[in-house]
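Read the structure below first, then the notes.
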Amino acid sequence: MLSAFDANWSLMTPEIVLLCLALLIFTIDFMTGIKGSKPFLGRLSIISLLITAILVVLTNNVSGNIAQVFIVDKFAMIFKLIILVGVAFVITISMHYLEKNSDVYQGEFYSLLLFATLGAMIMVSSADLITLFVGLELLSISSYCLAGFKKRNKKSTEAAIKYVILGGVASAFILYGMSFLYGLTGTTGILEIGRDLGALYDQYPFIIMMSLLFMLVGFGFKISIVPFHMWAPDVYEGSPTPVTAFLSVVSKLAAFGLVLRMFIIAFGSIFDEWSFLLAIFAALTMIIGNFIALTQKNVKRLMAYSGIAQAGYLVVPLATTLTPDITMSIIAFYGIAYVMMTLGAFAVITLVTESAGKEDISSFNGLYYRSPFMAIAMTVFLVSLAGLPITAGFFGKVYIFIGAVTGGMIWLAVIMIATSIVSFFYYFGIIKQMYMNEPNENDEVLNPPLSLSVMVTVAVTVTLFLGFFPGLVTKYFNSFHWFF
Amino acid sequence: MIQNAWLIPVFPLIAFIILLFFGNALKEKSSYVGITAMALSFILSVIVLVERIGGETYTFTLNWITFGDSTITMGYEVTPLNAMMLIVVTVVSLLVHIFSREYMHEDKRINVFYSYLGLFSFSMLGLILSPNILQLFIFWELVGLCSFLLVGFWYFKPEAAAAAKKAFLTTRIGDVGLLIGLVLLFNATGSFEYGAIFSAVEAGLVNDTMVTIIAICIFLGAVGKSAQFPLHVWLPDAMEGPTPVSALIHAATMVAAGVYLVGVMYPLFLVSSTAMTIVAYTGAITAFFAGTIALVNTDIKRILAYSTVSQLGFMMLALGTGGYVAGLFHLTTHAFFKALLFLGAGSVIFALHHRQDIRKMGGLWGRMKWTSITFLIGALAIAGVPPLAGFWSKEVILAAVWSNGDMFLFILAVITALMTAFYMFRLFFKAFTGEFRGDHEPHGENSKLMTVPLAVLAFLAIVAGFVNTPFGFYLEDFLLQGLNVGYQAHGEMWLVGLSIGIAVVGIGLAYLMYGKKVISSEAIRSKVPAVHKLLLNKYYMDELYQKVFVQPTVAIGKFFWEVDKGVVDGIVNFVGRATRLSGRTFAKRHDGQLQTYGLVTLIGGIAVIAVAFVLRGYFG
Amino acid sequence: MIANILTLLVFLPLAGALLIFTIPNENKNVIRSIATATSLVALLISLIVWANFDRGASGLQFAQLVQWIDIGFLQLNYEIGIDGLSMPLLVLTTVVTALAIFASFSIENRVKEFYIWTMVLLTGMLGVFVALDMFLFFLFFELTLIPMFFIIGIWGGKEKVYASFKFLVYTGLGSAVMFITFIVMFFKGAQASGEATFSMIQLAEVFANPANPEVLTSGVRAALFLALFVAFAVKLPVFPFHTWLPNAHVEAPTAASMILAGVLLKMGGYGLIRIGVGIFPDQATRFALLIAILGVVNIIYGALLALVQTDLKRLVAFSSISHMGIVLVGIASFTASGMQGAIFQLVSHGFISALLFFMVGAIYERTKTRTISELGGLSKSVPVLAGFTLAAAMASVGLPGLSGFVSELLAFIGVFGASAEILPAAKTIGVIAGIGIILTAAYLLWAMQRTTFGPMDEKYSGLPDARPLEYIPMIGLLGFSILIGVYPNILSDVINITVLDILSKIGG
Amino acid sequence: MVPVELFLALGAILFCIGLYGVLTRRHLVIVLVCIELMLNSVNINLIAFSSIGPFANITGQVFTLFVITLAAAEAAVGLAILIALYRNRESIDAIKQDLLRW
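Protein chains in written order, with the working numbering: chain A, 2 to 485; chain B, 16 to 635; chain C, 6 to 513; chain D, 2 to 103.
Given below as structure tokens:
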């Protein structure tokens with residue numbers, strides 16, 4: 002066994018730097034007094050994230066590991082980048098949000114977000130059940146706090162308590178499953194588990210299946226796939242909007258990274274045993290998510306169900322028999338698209354709902370008149386979410402679809418397309434509100450802050466660019482050997 | 016000049032185009048444009064005819080459309096029949112153009128009227144010059160369009176609007192038959208050219224059944240256009256159009272196109288005896304049927320309309336019984352005297368301020384001298400009094416029917432001829448003799464613009480018959496050039512006698528009933544009230560069609576509309592609604608209770624896992 | 006210049022849209038003139054293409070191939086080109102759109118957006134007709150969806166929201182079916198030939214090659230063909246997938262109705278011939294009877310429904326359904342004339358239906374009603390409009406001298422001449438289609454009797470007749486209809502060789 | 002020696018009790034406690050495997066330490082949120098927390 006001091010700790014540079022910066026922000030927050038508007042902390046957070054992102058690119062470019070506990074590979078790098086960019090977007094949104102909600106302690110908000118980010122980064126990089134669990138809990142516990150951050154708000158606290166209780170149960174499920182995995186293999190290293198599992202499965206199929214399923218319930222909760230999704234709409238609705246954005250994008254993608262790592266590496270050898278299950282879950286998720294989203298009037302809740310449906314799309318490639326590298330290319334592409342379009346949409350949603358003071362879909366009425374740019378941007382995001390050309394969402398879906406057909410899961414692909422059509426209803430419902438309804442009486446012209454406009458512009462550009470030239474990214478991805 | 020025959024239809028077309036664009040500015044002067052164009056056409060037609068008499072058939076074509084290996088051409092052709100028809104059409108058309116100058120001068124839309132007339136003349140002349148049957152069909156439809164436009168010229172009258180629609184629609188039924196016939200013919204022979212078709216048919220390349228079907232389909236077109244039973248219902252209604260139009264389109268030219276069609280396709284019909292029989296019987300029945308209705312009608316134009324239907328039936332009968340020349344000869348003479356009668360009627364109507372009921376007329380003889388005399392000539396001609404044109408043509412028809420040997424047809428023909436003489440003179444006596452029964456005195460004789468055309472037509476009605484008399488069958492020789500249409504029967508002396516006898520009896524009977532009033536028409540009517548009512552209501556054909564075709568179609572349409580809304584679209588909407596509803600049902604499970612959420616997670620997880628296990632075979 | 010002219014043509018409107026985007030909302034006239042100019046230039050380019058189109062050559066012309074997206078197992082190319090099938094439709098698209106833009110000057114609210122969407126729509130439509138890569142085809146096909154959704158939804162009538170969503174979701178569903186089929190075709194093709202491609206030309210060869218019967222069993226091919234048929238049937242539309250059309254047509258603004266009926270429906274017919282028949286000739290002939298029966302049902306059903314409509318625009322919409330049946334019947338005959346009749350019908354109906362919708366729109370603009378019973382006597386109040394309406398109706402009826410007749414004639418020649426092996430009961434089908442023609446005359450003339458004819462309602466007495474600007478679309482559309490009707494060779498010499506190419510696959 | 006299965010059974014029973022409690026108890030503090038119960042069942046499993054499992058080693062006990070720590074953190078956050086909730090609602094009855102639904 003390697004000594005901890007022999008390890009190449011430089012691989013962990015981004016995480017360590019982020020931790021330090023987060024603590025720095027935390028400290029600055031203490032020193033500047035707990036209340037009041039602190040946009041500089043937001044900017045500092047974004048800078049921290051960008052620094053971390055640069056470090057990720059610089060240091061994670063190689064494959065390596067620390068005692069087979071913390072690994073760095075292409076998978077980790079890409080997911081970390083997605084997460085960091087996502088969080089940067091979320092913080093941009095938060096800055097606008099916090100400006101409108103001065104009752105929230107701003108410094109804590111940013112530092113908690115950064116801690117959560119750190120947890121997410123550790124999750125996608127971990128190769129050990131313990132590290133993995135720690136990362137997960139770091140993310141989760143920060144998220145619980147963030148969800149209830151508007152502590153005077155009934156909905157926010159309710160969301161937080163629901164989240165913490167159900168999240169705790171989910172953690173328990175994951176741990177319970179992990180305990181069996183450890184018991185049968187005698188190790189918590191994912192790579193080792195992956196090596197041994199094939200042989201062990203012949204011996205203890207039932208126990209391994211049990212363990213897998215318990216973990217699946219827990220992970221399913223984290224990525225909110227049906228039927229483990231029940232918490233998501235409530236929590237998303239109650240949480241402050243940037244937190245909703247964080248949960249539905251960053252938290253979900255990080256958890257997804259975890260799932261990928263677990264299922265492809267640890268359970269890869271018994272793919273046949275769980276792929277079918279995941280296919281069922283994916284199908285259910287796409288159907289139920291999209292169907293319920295049809296009936297929603299609250300835009301955040303709608304986005305929650307939309308996010309559930311999107312999670313369903315993301316599960317599809319995992320459930321099909323592709324090589325891990327192709328699966329990863331597909332998921333990473335869709336992941337990028339998902340970050341761009343969902344966070345872009347959340348930026349507009351934050352802007353609109355905070356201006357209207359309500360979260361009803363009708364607050365989008367006549368947005369085109371109030372802020373043409375935001376309306377057009379929102380249209381691009383929604384069209385992309387609906388999966389229409391020529392957007393990143395479209396091509397991402399095509400990619401998933403082709404993957405599913407290649408993997409022989411035509412039925413799943415068909416469900417995916419059919420439910421996408423259903424999703425037209427609610428995505429275009431918002432578009433309808435924006436273009437075809439007159440603005441509400443008291444609504445004024447919106448003046449989005451520069452930072453938000455820049456962020457939305459970036460998101461729109463990437464969404465469209467990836468729609469036109471997906472090949473540039475996919476070519477790059479296809480050259481990867483994703484896993485350590 | 017024969018090479019330039021294409022100019023004949025082009026003149027009126029130019030008139031049409033000029034009037035289309037500048038009509039509003041020209042207003043009443045429009046008539047001069049139309050008249051000039053027609054006059055040019057007429058002169059050219061005469062030249063062409065003269066050249067053709069001594070010359071050859073001239074054909075010119077160019078490619079119209081290519082598909083696969085087939086090419087359809089369009090062009091023009093001058094055959095004897097064409098040349099003759101050109102004269103007939105241009106003459107009548109020219110006269111009608113002149114006549115309308117006065118008749119329509121009060122109408123604000125006289126420019127539109129003349130533009131329509133121009134379009135019609137173009138179409139009709141184009142139809143005649145067609146070198147192939149497809150082109151004929153094209154112009155055939157165009158004349159139908161013009162008929163529609165002109166019948167509906169006074170569109171603000173609901174009757175006129177309805178009549179226009181009815182005219183177009185009814186002929187359309189026949190036209191679809193014709194179109195199908197053409198298409199079948201094309202597929203059977205690979206060409207629309209007359210020559211190619213006939214040689215293919217004569218060479219036996221098309222089997223007999225197919226020939227019969229094709230012939231019947233083509234005849235269906237003729238039935239529609241020439242208002243033969245059972246598609247005759249539109250023609251009487253078409254009298255809602257201005258009277259000159261009735262004279263031109265619904266008496267002399269367009270309605271005769273059906274007969275003309277059977278004439279040009281005659282070699283095809285000859286191959287199929289079934290088709291010939293159908294033609295003959297349809298013609299005979301129509302002739303008789305329309306004649307009976309004309310006996311009781313009281314509208315001057317409708318009587319003439321039924322008479323036209325009857326006479327067209329006569330022509331069909333002739334063609335169906337082998338009388339190729341007879342049918343076409345009658346077509347020519349009929350064009351002149353029927354146009355004369357219609358224009359005469361128009362003159363009367365014009366003088367009577369658009370009153371058409373013959374019961375409200377009477378005593379016009381003294382009041383409108385020229386009109387009366389010319390009308391009498393027309394009536395004598397149609398009744399078959401020698402030596403007027405109608406006599407000669409009717410006589411050869413009777414001869415053809417007789418030589419065909421079907422006694423039933425012959426008897427029908429004789430009765431029809433008798434009825435023709437009777438109802439024409441019933442009309443004449445009621446309208447022109449006796450006391451004036453109307454409320455408005457006629458304003459006297461009309462101007463020269465109206466009487467001169469009448470006079471010219473009267474002259475033609477007298478002399479047109481001389482081109483084909485037992486003393487010299489010039490027309491027959493001319494038409495039969497290079498054509499083999501079988502033996503053409505000529506009347507024997509007893510037939511001539513019979514012919515004259517029929518005319519005399521018919522006229523005499525009418526005189527006794529309506530001139531002298533020795534026999535009371537009332538008495539006859541009261542003896543057979545049912546028959547009278549039946550005839551007065553035109554055998555209830557309109558009502559029958561309404562009940563059998565129109566109403567069920569609309570009802571089916573309504574039914575399907577409900578089905579479409581309820582079922583076809585209903586399913587679509589149902590799917591949408593069901594999706595939303597199921598979404599709502601799912602959404603209701605999110606009742607806000609975190610323990611429900613936990614439970615659903617648990618139960619859902621267990622259920623899915625159980626399903627998976629079962630499918631995977633863990634539980635046996 | 007000629008080499009990339011198609012690309013220029015397709016993306017020119019997009020450039021126009023961008024240009025319009027930069028113009029402030031208030032400059033309505035500038036926006037209108039840019040849109041008009043763009044569409045006219047597009048028209049001009051399409052006419053240049055038309056003039057330079059080699060009528061004697063078979064195969065594709067103006068072809069262009071650029072690698073676009075390359076993801077290892079998936080290669081998408083920008084592959085475009087035209088042949089005799091797409092050439093007329095290309096011109097149809099530019100003509101109808103240009104004239105529709107003339108017809109849309111009466112739109113006063115949100116002018117800028119309207120023309121941006123119209124331009125995007127134009128790009129989409131042109132793209133569909135030039136794309137030779139199925140993926141590209143699909144992209145353009147989808148690209149037409151969103152602009153139309155907006156145009157109906159923003160500038161539509163009373164039920165615009167319902168109509169726009171129905172259009173979006175229903176035709177979106179059709180596109181989804183198409184997409185799934187394309188992908189499956191892509192995979193089956195790759196399995197069979199070892200070469201993964203979306204190229205229609207290559208796939209046609211792969212699917213025609215009988216060397217790989219295990220992968221491309223006739224069952225698989227039949228399923229693929231039927232799926233394609235359903236996909237295009239939604240757009241065409243074919244009974245029972247037609248119900249989006251009346252809503253969309255009725256609610257859409259005039260210009261959009263013109264484009265919708267004039268061009269968008271044609272994409273369905275075009276796709277059916279280009280991909281359905283082009284790649285699965287054997288299956289297409291196998292299902293000829295089905296296609297023909299559906300075609301006849303379309304004709305009769307559409308006509309019967311049109312007969313009982315009370316709304317003039319909906320009547321025209323149902324007439325479109327009826328007329329599209331002729332396309333199906335023509336295709337199903339699998340003869341040169343039938344196929345050509347189908348293409349003729351696509352083109353001809355494009356002009357005629359656009360004209361009809363324009364007329365209905367012009368009448369509505371003046372009378373504020375489309376209810377047939379409330380109209381009447383329009384010949385008196387607006388004689389010119391009534392005259393053109395009548396002419397349009399006559400063209401729709403299939404009056405010779407106008408384009409509708411030629412297509413009907415060709416389709417009839419085709420269906421009556423169809424070989425009994427491919428299309429049994431062809432003659433029965435032909436005769437029923439003939440009844441459809443009578444019904445067409447019935448509903449249109451009845452409508453004309455009740456609208457243009459009849460006594461005039463006093464309230465319509467002072468209506469203004471056609472404005473000078475309105476003459477452009479009216480004369481333009483009618484003119485093209487007459488041109489094709491009088492001298493169809495102008496089209497047939499372009500189409501014929503392509504049709505023979507398509508048919509040669511069936512023979513072999 | 003006590004076979005590992007018995008410890009696993011104990012763990013399973015604890016897990017089920019905890020889950021049952023989470024799903025049925027209306028008092029949210031009890032619910033939080035039940036979550037702790039579930040996590041403790043995991044600890045029992047881990048320690049059992051660590052000492053008498055087929056591949057007994059120390060890792061399991063290390064894991065247990067982490068689980069205990071994080072469970073504590075989670076409980077702390079949970080209770081904090083609970084207090085905030087109580088301030089807002091003056092109730093910590095699970096059933097009454099249904100502002101967010103449908």
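We treat Cβ as the ideally placed atom computed from N, Cα and C, and that holds for glycine.
Which residues in chain A have a C-beta closer than 8 Å to the C-beta of residue i? List them in chain order.
i               : result
V615 of chain B : P228 and M231
Given a cut-off of 8 Å on the beta-carbon distance, is the pair residue i and residue j in contact?
i               : j               : result
A309 of chain B : S322 of chain B : yes
V116 of chain C : I36 of chain C  : yes
Less than 8 Å between CB atoms is the rule here; does residue i satisfy it with respect to chain B?
i               : result
A447 of chain C : yes
P234 of chain A : yes
G513 of chain C : For G513 of chain C, the predicted structure reports a pLDDT of 46, less than 50, and the residue's modelled location is therefore unreliable. The matter cannot be settled from this model.
I93 of chain D  : no
Determine, using beta carbons only, whether residue i comes closer than 8 Å to chain A.
i               : result
F485 of chain C : no
P55 of chain D  : yes
N589 of chain B : It is worth fixing the name first, because residue 589 of chain B is Phe in this sequence and not Asn. Judged by the 8 Å Cβ criterion, F589 of chain B is not in contact with chain A.
V623 of chain B : yes
G635 of chain B : Note that G635 of chain B scores a pLDDT of 46, beneath 50, so its modelled location is shaky and nothing firm can be said.
The ligand PLP and residue i: does any heavy atom of the ligand fall closer than 7 Å to the residue's C-beta?
i               : result
D421 of chain B : As far as ligands go, the structure on display features none, and thus does not contain the ligand PLP.
Taking 8 Å as the threshold (beta carbon to beta carbon), is residue i in contact with chain D?
i               : result
L596 of chain B : no
F395 of chain A : no
At a CB-CB cut-off below 8 Å, which residues of chain B make contact with residue i?
i              : result
D99 of chain D : D606, G607 and Q608
Starting from the Cα of residue i, find the closest Cα among the options and give me that residue.
i               : options                           : result
N202 of chain B : C:D59, C:F107 and C:S338          : C:S338
G409 of chain C : C:A289, C:H328 and C:M479         : C:H328
I502 of chain C : C:N82, C:L17 and C:Q345           : C:Q345
S49 of chain A  : A:G37, A:N66, A:L19 and A:A68     : A:L19
N366 of chain A : A:T245, A:L447, A:R153 and A:L176 : A:L447
L72 of chain A  : A:A284, A:L12 and A:I131          : Residue 72 of chain A is actually Ile in this sequence, not Leu. Selected option, being the one with the closest Cα: A:L12.
So which residues on chain B does residue i lean against when the C-beta distance must stay under 7 Å?
i              : result
I96 of chain D : Q608
Three or more C-beta pairs below 8 Å linking the segment 254-262 of chain C and the segment 174-183 of chain C: no
contact_flag[the segment 446-456 of chain B, the segment 375-385 of chain B] where n(CB pairs < 8 Å) is 3 or more: yes
Segment contact flag, the segment 206-218 of chain B with the segment 240-255 of chain B, C-beta cutoff 8 Å, min 3 pairs: no
Inter-stretch contact (C-beta, 8 Å, three-pair minimum) for the segment 563-575 of chain B and the segment 305-325 of chain C: yes
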